[in-house]
Structure formats: structure tokens, C-alpha cells
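Here's the structure, in C-alpha cells; my notes come after.
Protein chains: 2
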Amino acid sequence: MAATIVATHERATAAERILRAAGVLFRERGYHGSSMRTLARALRMEAASLYYHFRSKQEILFAILDRTLDDLLAGVGRAVASADGPEARLRAAVRFHVLFHTDSQHEAFLSHSELRSLTQANLRLVLTRRDEYERVFRGLLASGVRAGVFQVADVRLTAMAVLTMCTGVATWFAEGGRLSPEAIADRYVEMIMKSVKR
Amino acid sequence: MAATIVATHERATAAERILRAAGVLFRERGYHGSSMRTLARALRMEAASLYYHFRSKQEILFAILDRTLDDLLAGVGRAVASADGPEARLRAAVRFHVLFHTDSQHEAFLSHSELRSLTQANLRLVLTRRDEYERVFRGLLASGVRAGVFQVADVRLTAMAVLTMCTGVATWFAEGGRLSPEAIADRYVEMIMKSVKR
DNA sequence: TTACATAACGAACGTCCGTTAGGTACCATG
DNA sequence: CATGGTACCTAACGGACGTTCGTTATGTAA
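Here's what the structure looks like:
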């Protein structure tokens, strides 16, 4: 999962190391609260050197969100394809969504909290694909309702509720905490399935 | 609800008008993305004049979060006191929580997204009271489990799931949108009760 | 050896930042 | 009518910001 940004290895390219560090920094202090000098310091380089790899600070933020959406869309596609029937598919999609938010915690958090720091053009690009992602969940809920296995008052609202609930995991999850990502995912799946089942 | 920050009236004090405008601005551009000059412009004054009412930019942020927590704690207290039994109490608390996040959308959003912009001392103060708020929901869930009306695998995790799900409303709610705050609250209450009931 | 690519550097640019100092109208009250 | 607080103003401070510049060190292929 989250294969596009590898980076934890030392053999990652400079651009990947920059994106990884920027993800952590932006998440901790926010986009406007982080300076190119601080980011450079974390990477043991000078601020000017960052401009060899990226044209601007904005481009770094956009690259993070863009890759995150790549991973989200590819991941949910794989999850849905791996299962049969609305119930199993929703389970797989929710499970993926939660695990993604523990796995790529920083980047996932940014995808929601720093949309406001994108230029209008970049925001449009990101929102279009985020919509696409949300449509997957609306589709799963709707087909479950049609099949008579789900009962939800409002597909659109339920999809938002499910997504924001799981997305919230990125705001409080702590590595090495009481519950493992898998345990959290399992319990979230159960809570959600109980809520949407007929 | 949310009576502490009145302000929509023209008869609000200058300090209240500043907090109200700062809430909107910080939410739109973030704390570090908003300057005292921009805030002043929105209020048709000069940046220096803000310092007559507040000692610093940080004090403005803290005042917003502090008042928001006042309102949250007082509101959930009233909600819980207005009902009898774990089920009715949880319903009332959830309903309040959702309505608060549509009502005081900007301030509520900040209470989660701009914690990172607080000084350490201010953060400690805010987190202590946020913990207190979360404990209310954990308490409601636990007493429902003890009474045999709820069945949840993990009280702590379920409380976080419920809270972040409702909190998320502040991220997407739009005034004059498809659903009224009351309709959203009602449906959220139903989804949650269905998920936690035995 | 020549030629070019890669990846970094330190210094400087103009701009904006949060904040402070000092001044000035406008009141209400003596 | 004088006084003093209230609520704002203009001007300025030092510092940090994103970014650009010219330069350098190293590697690699012809």
C-alpha cells in the first residue's frame, strides 16, 4: 500500500525524501507555518537547493496531495475489485480507507487540512479526483441499497459520515498506541456495517 | 446555543467582532496564513488597532478556542441533563454535538485544525478541557453498556469514531445546502444509535 | 581532456510579518 | 469648559519569508 511514495529507505530519490519530510512538517505546523528553510534544515540542506527539485513551495504541496490521491484511487480500486457483492466490497473499501489513514497519516491529513493552501487551479484538480473517490463509496452504498442488503436514509450523507469518520483516524492515530491499525480497521468496519445493514 | 460569541448583531463589542472575523479568516486561510493586516482589513481598521483589544495574535486564537470549549462543555452538559437514561442522553449529546458544528462551524473547525498553532501552554489548557468533553461521551457509552442497552467492542474507540464523525460535519457543511442542520443531526443520531445499540 | 548534467551552496532581492510607539479625535463626567 | 479614558490612527521596527542569482564540486560520457 502507498507504494508511490516509498522513501523510508535511504535509497529514495531526493524528490521523494523532500516530499516525505514536507508531509511531516506541513502536518505538524501547517503549510504557511512551515518555511522552506525549516524544511531544508530537516533534510540537512539549504533552502535554495530545494528549488533544484521543485519549482516552488506550492508545487511541493500539490505533489503530496496529487500522489496521495493516486494512492487512494488505486487502492480503493484494488480493494473493491478484490471482493464480491456490496457488503464485502464496502467492507474492503472501508478497511482500505482506514488503513491508508494510519499508513499515510501525514499525507492523508494534509489532503483535508491544507486544501485551503492550494492555488485555485491546483485545488480544482485535487477536488475533481477527491469527488471521484467519494463517488466510489456512494456507489457501493447505493448498490447495497438496491440489492436490499443495506438500509440508509440518505446515501450521500451516509457516505460523507463514513468517510469523515475514517478520515478522522489520521487526526488521532499514534503509532505504537493502544490499538494496531488492523484492530482499528476491523472495528471501524464492524461499526459501519452494523449501521448500514438492513 | 453558542451564546457566548454573539456578534452577528451590530451591537457586538469590538472584541467580539474581532473574534468572529478571526474565526472566519483563520478557518479559510489558517492561522499562519492569515495576517493581522488582513484581519484588520476585514474589520475596516488598521492592524495596530487590534492590539488595543488583544495583546497578540496568539491571544486571539486562544480566545476563540477557549470560548468554543466553554460553549461545548456547557452545551453538552445541558443536553445530557435534559434527558433520562443512556440512550436518550447519548441521542441528546450527539444531536447537540452535530448542531454545534453546523452552528459554530468556523470556530469548531479551528478547535481541531489549529491546535498546532497554539503555544505549548495554551495547548495544554485547551487539551485538558477537550479531554473533559470527550470523557462525557465515553461515560455515556460506558453507562449504556453497563445498562445492557449498548453493545460496543471498545468504548474509547467508539467515542473517538462518534466524535470525529460529527466533527467532520464542520468540514463539509454549507449553509443553505441540501440538508438543514436539524436534518443532518437527526440522521447522524440514527446512524450512531443503530451502530451502538445492542 | 572536453563537455555537459547533477546537486548543492551562500548571498541577496523585495515583500510581508507581528508588534510597538506616539499621536489624535471623540466622547462622558467633574 | 477642562480632564481623562476609549478607540482608533500613522509610522516605523527588526526579522522572516519565498525566491532568484551566480557559483562550485562532483560524476560521467565522448
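Protein chains in written order, with the numbering used here: chain A, 63 to 260; chain B, 63 to 260.
Beta carbons are placed, not taken as given, at the ideal position from N, Cα and C, and that holds for glycine.
It should be emphasised that the depicted structure is a prediction, and the values quoted were computed from it without experimental measurement.
Margin query: With a threshold of 8 Å between beta carbons, is E194(A) in contact with chain B?
Written below: Stepping through the first sequence from its first residue, residue 194(A) is reached at position 132. No, E194(A) lies away from the interface with chain B (no Cβ there is under 8 Å from its Cβ).
Next item on the list: Let me know the alpha helix (DSSP H) ranges lying completely inside the region 94 to 132 of chain A, each 4 residues or longer, listed in chain order.
Entry: 98 to 104, 109 to 115
Check: M222(A) touches chain B at which residues, Cβ-Cβ below 7 Å?
Finding: The residue labelled residue 222(A) in the question sits at position 160 within the first sequence. Per Cβ cutoff of 7 Å: W234.
Checklist line | DSSP three-state assignment for F212(A), whether helix, strand or coil | finding: As a position in the first sequence, residue 212(A) is number 150, starting the count at 1. Note: F212(A) maps to strand in three-state DSSP.
Checklist line | Pairwise C-alpha distance: A109(A) and T100(A) | finding: Numbered from 1 along the first sequence, position 38 holds the residue referred to as residue 100(A). Numbered from 1 along the first sequence, position 47 holds the residue referred to as residue 109(A). Rounded to whole angstroms, T100(A) to A109(A) spans 8 Å at the Cα level.
Check: Just to confirm, are S173(B) and T130(B) a CB contact at a threshold of 8 Å?
Finding: Residue mapping note: residue 173(B) aligns to position 111 of the second sequence, counting from 1. Residue mapping note: residue 130(B) aligns to position 68 of the second sequence, counting from 1. In this structure, T130(B) lies closer than 8 Å to S173(B) by Cβ.
Note to self: Within 8 Å of any Cβ in chain B, is that where the Cβ of D216(A) sits?
What the structure shows: Position 154 of the first sequence holds residue 216(A). Chain B, which has a Cβ nearer than 8 Å to the Cβ of D216(A), makes this yes.
Check: So, does the CB of G239(A) fall closer than 8 Å to a CB anywhere in chain B?
Finding: Here residue 239(A) refers to the residue found at position 177 when the first sequence is read from its first residue. The beta carbon of G239(A) sits no closer than 8 Å to any beta carbon of chain B.
Next item on the list: Measure the beta-carbon distance from F162(B) to A170(B) and round it to whole angstroms, keeping in mind my assumption that it falls under 8 Å.
Entry: Your numbering for residue 162(B) matches position 100 in the second sequence. Your numbering for residue 170(B) matches position 108 in the second sequence. At roughly 6 Å, the Cβ-Cβ gap stays under 8 Å, so F162(B) and A170(B) are in contact.
Checklist line | Any 3 or more C-beta pairs closer than 8 Å across the region 141 to 157 of chain A and the region 112 to 121 of chain A | finding: The way I'd put it, the region 141 to 157 of chain A doesn't touch the region 112 to 121 of chain A; fewer than three beta-carbon pairs between them come closer than 8 Å.
Item checked: First through last residue of the alpha helix (DSSP H) which encompasses E237(A) -> Numbered from its first residue, the first sequence carries residue 237(A) at position 175. Run containing E237(A): none; DSSP gives neither H nor E here.
Margin query: To test your reading of the DSSP string, which unbroken alpha helix (DSSP H) runs of 4 or more residues are found completely within the region 183 to 213 of chain A?
Written below: none
Note to self: If I measure Cβ to Cβ from A221(A) and keep anything under 8 Å in the same chain, skipping five residues before and after, which residues do I get?
What the structure shows: As a first step, residue 221(A) must be located in the first sequence, where it is residue number 159. Only E196, F199, R200, L203 meet the Cβ criterion.
Check: Of all Cβ atoms in chain A, is any one closer than 8 Å to the Cβ of Y113(B)?
Finding: Along the second sequence, read from residue 1 onward, the residue named residue 113(B) stands at position 51. With 8 Å as the cut-off, Y113(B) does not count as an interface residue toward chain A.
Next item on the list: Could you tell me whether the Cβ of L219(B) comes closer than 8 Å to any Cβ of chain A?
Entry: Your numbering for residue 219(B) matches position 157 in the second sequence. So, interface residue.
Item checked: Same chain, Cβ closer than 7 Å to G85(B), five either side skipped, listed in chain order -> Locating residue 85(B) in the second sequence gives position 23, where the first residue counts as 1. I126, H168, E169, L172.
Margin query: Residues of chain B with CB closer than 9 Å to the CB of E90(A), please, in chain order.
Written below: If you number the first sequence from 1, residue 90(A) lands on position 28. Residues of chain B passing the Cβ test: R178.
Notebook entry, point to check: Is the shortest distance between the beta-carbon of R99(A) and the beta-carbons of chain B less than 8 Å?
Noted result: The residue labelled residue 99(A) in the question sits at position 37 within the first sequence. Under the Cβ distance rule, R99(A) does not count among the residues neighbouring chain B, no pair being separated by less than 8 Å.
Check: Given 8 Å as the limit, is there contact between the region 173 to 189 of chain A and the region 88 to 104 of chain B, that is, 3 or more CB pairs closer than that?
Finding: yes
Notebook entry, point to check: What first and last residue would you give for the alpha helix (DSSP H) that runs through K256(B)?
Noted result: Your numbering for residue 256(B) matches position 194 in the second sequence. 243 to 258 is the span of the alpha helix (DSSP H), which, as asked, contains K256(B).
Check: When the Cα atoms are used, what is the spatial distance from R186(B) to G230(B)?
Finding: Reading the second sequence from its first residue, position 124 is the one you call residue 186(B). Reading the second sequence from its first residue, position 168 is the one you call residue 230(B). Spanning the two alpha carbons is a distance of roughly 23 Å.
Margin query: Looking only at its chain, what residues have a beta carbon closer than 7 Å to the beta carbon of V160(A), apart from the 5 residues adjacent to it on each side?
Written below: As a working mapping, residue 160(A) is identified with position 98 in the first sequence. So the qualifying residues of the chain are C228, V231, I246, A247, Y250.
Next item on the list: Taking all protein chains shown into account, decide if G206(A) is buried (16 or more other Cβ within 10 angstroms of its Cβ) or exposed.
Entry: Reading the first sequence from its first residue, position 144 is the one you call residue 206(A). Buried, by the Cβ-count rule.
Note to self: Between the alpha carbons of A102(B) and E121(B), how many angstroms are there, rounded?
What the structure shows: Your numbering for residue 102(B) matches position 40 in the second sequence. Your numbering for residue 121(B) matches position 59 in the second sequence. About 15 Å.
Checklist line | Residues in the region 163 to 176 of chain A having any Cβ partner in chain B nearer than 9 Å | finding: H174, S175, E176
Note to self: Run through chain B and tell me which residues come within less than 8 Å of K256(A), C-beta to C-beta.
What the structure shows: Working through the first sequence from its first residue, we reach residue 256(A) at position 194. Under a criterion of Cβ atoms nearer than 8 Å, the residues of chain B adjacent to K256(A) are, in order, K256, S257.
Next item on the list: Starting from the beta carbon of I246(A), find every residue of chain B whose beta carbon is closer than 8 Å, and list them in chain order.
Entry: The residue labelled residue 246(A) in the question sits at position 184 within the first sequence. Going along chain B in sequence order, the residues near I246(A) (Cβ under 8 Å) are L219.
Margin query: With H, G and I counted as helix, E and B as strand and the rest as coil, what does DSSP make of G92(B)?
Written below: Along the second sequence, read from residue 1 onward, the residue named residue 92(B) stands at position 30. Residue state, collapsed to three classes: coil.
Checklist line | chain A residues whose Cβ lies nearer than 7 Å to that of T75(B) | finding: As a working note, residue 75(B) is residue 13 in the second sequence. Those within 7 Å of T75(B) in chain A number zero; the least Cβ separation is about 29 Å.
Next item on the list: Return helix, strand or coil for G85(A), following the three-state DSSP convention.
Entry: Taking the first sequence and counting its residues from 1, one reaches residue 85(A) at position 23. Helix.
Notebook entry, point to check: What do you get for T190(A), buried or exposed, if any count of 16 or more other CB atoms within 10 angstroms of its CB means buried?
Noted result: As a working note, residue 190(A) is residue 128 in the first sequence. Exposed, because fewer than 16 other Cβ atoms sit within 10 Å of the Cβ of T190(A).
Next item on the list: Report the three-state DSSP secondary structure of M63(B) (helix, strand or coil).
Entry: Position 1 of the second sequence, counted from the first residue, corresponds to residue 63(B). Confidence at M63(B) is low in this model, with a pLDDT of 40, below 50, so its placement is unreliable and the value that follows should be read with caution. Residue state, collapsed to three classes: coil.
Margin query: Can you tell me whether G239(A) is buried or exposed? The criterion is at least 16 other CB atoms within 10 Å of its CB, across all chains shown.
Written below: The sequence position of residue 239(A) within the first sequence is 177, counting from 1. Label assigned to G239(A): exposed.
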